[in-house]
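Colleague: After the structure tokens below, expect a handful of questions from me.
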Amino acid sequence: MEKFAMYGKLIAHPGKRDELAGILLEAADMLSDNADCELYIVNVSDSDPNAVWVTELWSSAEAHAASLQGADTSELLQRGRKLIAGAEPLRLQPLGGKGL
């Protein structure tokens, strides 16, 4: 299987960035025991007060898709969706580099 990477730019409704980032950090905590999730980093932008970036690296695209199932994940997704004004996901296939 090939590794799967994703960069997600989430645009929060004005004033909701920190709340959205908090929910995404909860997701990161939930993934701490998931061996298929090799990297999950929540970032905020100094230049955009509404942007939250998520950097992900997975063992496979299938593992990423499977991570979106389950009651705990569903609850986080529901809480987060109402805070999101827009999203720009970028799905990637890693080729190599330091740490990979």
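Residue numbers (the UniProt record's numbering): 1 to 100. Just so it is clear, CB atoms sit at the ideal spot from N, CA and C, and this is done for glycine as well.
1) Is it buried or exposed, Gly80, if we count other Cβ atoms within 10 angstroms and call 16 or more buried?
2) Ignoring anything shorter than 4 residues or poking outside the UniProt domain "ABM" (4-92), list the alpha helix (DSSP H) runs there in chain order.
3) For the segment 56-65 against the segment 14-21, do three or more pairs of beta-carbon atoms, one drawn from each stretch, fall closer than 8 Å, so that the two count as touching?
4) Give me, in chain order, the residues of the same chain whose beta-carbon lies closer than 6 Å to that of Ser59; leave out the 5 immediate sequence neighbours on both sides.
Modeller: Straight from the coordinates:
1) buried
2) 17-30, 61-67, 71-81
3) no
4) Asp36
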